[in-house]
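Comments concern the structure below.
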Amino acid sequence: MDMSYTPEENAFREEVRTFLKENMPKDVVEKTKSGQELGKDDLLSWHKTLYNKGWIAPNWPKEYGGAEWDAVQRHIFEEECAFANAPRTVPFGLTMLGPVLQKFGSQEQKDHYLPRILSGEDWWCQGYSEPGAGSDLASLKTRAVREGDHYIVNGQKTWTTLGQYADWIFCLVRTDTTVKKQEGISFLLIDMNTPGIEVRPIILLEGTHEVNEVFFDNVKVPVENLVGEENKGWTYAKYLLTHERTNIAGVGASKAALASVKRIAKQEISGGRPLIENPAFAARMAQVECDLMAMETTNLRIVSKAAVGQAPGIEASMLKVTGTLIRQEINDLARRAVGPYAMPFPSEAVEGDNQPIGPDYAGPQAKRYFNNRKLTIFGGSSEVQRGIIAKTQIGV
Amino acid sequence: MNFELTEERQMLQDTLRRFLADRYGLDVRNKIVDSDEGYSPKIWEELAELGVIGALFTEEEGGFGGKGFDITTVFEELGRAGVVEPFIETGILGGGLIAALGTDQQKELVEEVIGGALHLAFAHGEPSSRYELSQVETTAKASGDEIVLNGRKAVVFNAEAAGYIVVSARESGGLSDVDGISLFLVPADAAGLSMVGYPLMQGGRAAEVTLDDVKLPASARLGEAGKAYPAIVTAIARANAAISAEALGAMETASNLTKGYLVTREQFGRPIGTFQALAHRMADMLIELEQVRSAVINIAGHMDDDAKTRDLYVAATRNVVGRVGRLISEESIQMHGGIAMTKEYELAHFAKRITMSDHRYGDTDWHLERFIALSAA
Chain L
98 MDMSYTPEEN AFREEVRTFL KENMPKDVVE KTKSGQELGK DDLLSWHKTL YNKGWIAPNW
158 PKEYGGAEWD AVQRHIFEEE CAFANAPRTV PFGLTMLGPV LQKFGSQEQK DHYLPRILSG
218 EDWWCQGYSE PGAGSDLASL KTRAVREGDH YIVNGQKTWT TLGQYADWIF CLVRTDTTVK
278 KQEGISFLLI DMNTPGIEVR PIILLEGTHE VNEVFFDNVK VPVENLVGEE NKGWTYAKYL
338 LTHERTNIAG VGASKAALAS VKRIAKQEIS GGRPLIENPA FAARMAQVEC DLMAMETTNL
398 RIVSKAAVGQ APGIEASMLK VTGTLIRQEI NDLARRAVGP YAMPFPSEAV EGDNQPIGPD
458 YAGPQAKRYF NNRKLTIFGG SSEVQRGIIA KTQIGV
Chain H
1181 MNFELTEERQ MLQDTLRRFL ADRYGLDVRN KIVDSDEGYS PKIWEELAEL GVIGALFTEE
1241 EGGFGGKGFD ITTVFEELGR AGVVEPFIET GILGGGLIAA LGTDQQKELV EEVIGGALHL
1301 AFAHGEPSSR YELSQVETTA KASGDEIVLN GRKAVVFNAE AAGYIVVSAR ESGGLSDVDG
1361 ISLFLVPADA AGLSMVGYPL MQGGRAAEVT LDDVKLPASA RLGEAGKAYP AIVTAIARAN
1421 AAISAEALGA METASNLTKG YLVTREQFGR PIGTFQALAH RMADMLIELE QVRSAVINIA
1481 GHMDDDAKTR DLYVAATRNV VGRVGRLISE ESIQMHGGIA MTKEYELAHF AKRITMSDHR
1541 YGDTDWHLER FIALSAA
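These protein sequence lines map, in sequence, to chains L and H.
Quick note on numbering: the first sequence equals residues 98 to 493 in the working numbering.
Quick note on numbering: the second sequence equals residues 1181 to 1557 in the working numbering.
This is the structure in structure tokens:
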């Protein structure tokens, strides 16, 4: 047992920190800090910066152009990015589709798609959930019928994150309706410019446009866009989900968010003294910090067991449940910390030419609190994760 | 003991519930929330006609209620329907302070308020005062026959629609002294008064108000010079009764929506409410909701007690409302899943109303500390 970082790891941290300091696009950092929505250009400019450095795919093997970092390096990178207010990289190509293609894709698919994911040339989105298939994903109904060299796709996907920017969507579709629901699903790659596809925005409760509905009306998809074998899509989907859950603990993001709450609590004066000295607030903050310190080690323990390019098993479910609870607790503290200035609505409070209302740190807090309620819902809700843990551990 | 509403209050509750169910549906509300004014003048007028504002004043003041249970009856219904119209600001705070402290001439405004013709706002909180009611930096200085106000007021609800703004200012004493605070009735178009308005997370609008050498005649003072603090605490206690009842109504709606969703939404071939993991959490929500209902009865029933007893119940109620509010708002969203994250779905509005009520007149922890201080005194 040795919990200290090696000299090489410390040097790596220094290298990451210096790189971020010198290369982060300043306008993007400002937007991230003040809680503004990032547009396609913002996200792509950050993507390109990391791509040029060779750091865009920390978890990919070197043979596919990844950085092939080990768990500790990935942890260090994530933490430094969070503290530098770097935006998250868009995960759909890099952490979801990429690993699936590497394991199950044809040579042609690997050669064509992987470099374009790395460079940011193709923007991918995820076509999994449907209105009737959420936690029960396997009950999905979007239909793909083979006609000659094409599949004809009809149906609807929903909660498609950043689908408004996407060039491509990877979709779970039903190719056989006569078998057990998990056994009739296939994994298709669909060009978003194909006729018959319509994207409609879903506005979230705090006013942002992150997710969409995607409708398919007789969409023609070439058969070579099938990944792996027909009707084996559920296997690939599950493989993808385990990758989606790597880094799901969000240790770096939570540490950065907690540091931000502390900065706010030092500046806010409540009853004649800084809020950070208020016993009730300090107790809440200490409580979540204790949890976070333990989770950081849980995260390192679990992630370091998984080999490069592999995903952890049910422990990932544990990390997701704990990590998202901690993050949401921090978001709740942040909204409390700013007091009455949590109420001004951010669309005018932090965006455009308007001066912020109240202290500049106040505007995004309530918005972030509401937006991050999604953390315990998407990527397999906390209930689904608990179900996985219970099923595996108790066997019921 | 009798926990039934009086016949009059029962009638008021029934009337409001019917009217709002009929006229304040999802589409109407979304349109109002997205409007430039942030409220509907027509709905305002109609609710005033139904007695929503009159119920907040006593007969001597020109109304037909004014007791704690009148306040909670009205606001529970407004909360149940997710009403964003600013009745607390005009009726309870602005109107209540004028009725409590005003001269006969100033009190003439109350009639206009009850009829729905006049909007009011209460500009008390300041950029750095958070929830501390005695912290007033805005100054009022005599200059010949006039009084001159200078300062900044924060998150003033309904400031843009108000005909008059009740402004607190310090005439003597230090930053947080309870003595030395006065109230002034300031016409919204007074020279030197400016504001920057903005929408609120929970619907409705507020503004940052700047007072830059606002000159008033001495007759604009509301009540005695430097002695307004107890009246402010009383008005805020009544506002706390209102916001607690409003949150209760919103929690009832959130719970009902969640119950409904649990029996209609199917996953894995059955209604999700048949999964015990969810059913038990729904049961917890309903248990806690009854705690809130009782806490609201507590605050209403002690509204006219001596200040110390009243304030103890105010603090206790807001603490319960705040804790349960968070539980119900977050659990309702979680048990719905993604659909509850959308603006289109009804629950979102109620979750925002409940959560943001914890940022008005003190949050959950602030009221707990106040309860501890009052209990020890």
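Cβ coordinates follow ideal geometry from the N, Cα and C atoms, glycine included.
In this text, all values refer to a predicted model and were calculated from it rather than measured experimentally.
Our two residues, serine 1424 of chain H and valine 1263 of chain H, have alpha carbons roughly 14 angstroms apart in a direct line.
Put simply, the CB of serine 236 of chain L is near chain H, with a gap under 9 angstroms to one of its CB atoms. Membership of isoleucine 373 of chain L in any beta strand (DSSP E) is not indicated, and neither H nor E is assigned to it by DSSP. Within a 10 Å sphere around the beta-carbon of glycine 151 of chain L sit fewer than 16 other beta-carbons, which makes this residue exposed. Looking at the backbone, the Cα of asparagine 315 of chain L and that of glycine 477 of chain L are separated by about 29 angstroms. When Cβ-Cβ separations below 9 angstroms define contact, threonine 489 of chain L makes no contact with chain H. Distances from the alpha-carbon of histidine 247 of chain L to those of L:Arg297, L:Lys317, L:Met440, L:Ala362 put L:Lys317 closest. Non-local beta-carbon contacts of arginine 171 of chain L in its own chain, meaning distances under 8 angstroms to residues more than five positions away in sequence, involve Pro155, Asn156, Asn344, Val400 in chain order.
For the pair leucine 1507 of chain H and alanine 1322 of chain H, the Cα-to-Cα distance works out to about 50 angstroms. Within the DSSP secondary-structure output, cysteine 178 of chain L pairs in no beta bridge. Membership of proline 104 of chain L in the alpha helix (DSSP H) is indicated by the continuous run 104-120. Secondary structure note for histidine 209 of chain L: it is in no beta strand (DSSP E), and the uninterrupted alpha helix (DSSP H) holding it is 204-216. If you look at histidine 247 of chain L, you'll find it in the beta strand (DSSP E) that goes 247-254. Of the candidates H:Ala1457, H:Thr1454, H:Ala1422, H:Ala1422 places its Cα closest to the Cα of valine 1501 of chain H. For valine 418 of chain L against glutamine 482 of chain L, the beta-carbon gap comes to about 5 angstroms, under 8 angstroms, which counts as contact. Only buried fits asparagine 375 of chain L, as 16 or more other CB atoms lie within 10 angstroms of its CB.
The alpha-carbon of leucine 397 of chain L is positioned some 15 angstroms away from that of threonine 103 of chain L.
Membership of serine 1435 of chain H in the alpha helix (DSSP H) is indicated by the continuous run 1409-1444. For valine 197 of chain L, the closest C-alpha among the options L:Tyr336, L:Ser479, L:Arg243 is that of L:Tyr336. For threonine 274 of chain L, the closest of L:Ala241, L:Pro298, L:Thr255, L:Glu295 by C-alpha to C-alpha distance is L:Ala241. Within the stretch 104-123 of chain L, no residue has its Cβ closer than 7 angstroms to any Cβ of chain H. Burial of methionine 1465 of chain H is indicated by the presence of at least 16 other C-beta atoms within 10 angstroms of its C-beta.
By the neighbour-count definition (other C-beta atoms within 10 Å, threshold 16), alanine 1398 of chain H is an exposed residue. Against chain H, a Cβ distance below 9 angstroms from tryptophan 331 of chain L picks out nothing, because the smallest value is about 15 angstroms. For aspartate 1202 of chain H, the secondary structure class from DSSP, reduced to helix, strand or coil, is helix.
Among the residues of the stretch 1259-1288 of chain H, none has a Cβ less than 7 angstroms away from any Cβ of chain L. The stretch 1280-1296 of chain H and the stretch 1254-1263 of chain H do not touch, with fewer than three beta-carbon pairs separated by less than 8 angstroms. Chain H places a beta carbon closer than 9 angstroms to that of glutamine 425 of chain L, counting this residue as a contact. DSSP places tyrosine 1493 of chain H within a helical segment (H, G or I) once states are collapsed to three. Around the CB of glutamate 127 of chain L, fewer than 16 other CB atoms lie within 10 Å, so the residue is classed as exposed. At a C-beta separation below 8 angstroms, aspartate 264 of chain L has no neighbours in chain H, since its nearest C-beta there lies roughly 24 angstroms away. Lysine 277 of chain L sits in coil when the DSSP states are folded into three classes, being neither helix nor strand. Between phenylalanine 475 of chain L and chain H, the shortest Cβ-Cβ separation is below 9 angstroms. Taking the Cα of arginine 1332 of chain H as reference, the smallest distance to any Cα among H:Tyr1441, H:Gly1275, H:Thr1414, H:Met1375 is reached at H:Met1375. For the stretch 1380-1397 of chain H, the set of residues with a beta-carbon nearer than 8 angstroms to any beta-carbon of chain L comprises Leu1380, Met1381, Gln1382, Ala1386, Glu1388, in chain order.
Contact annotation: methionine 1515 of chain H and leucine 1442 of chain H have beta-carbon atoms nearer than 9 angstroms.
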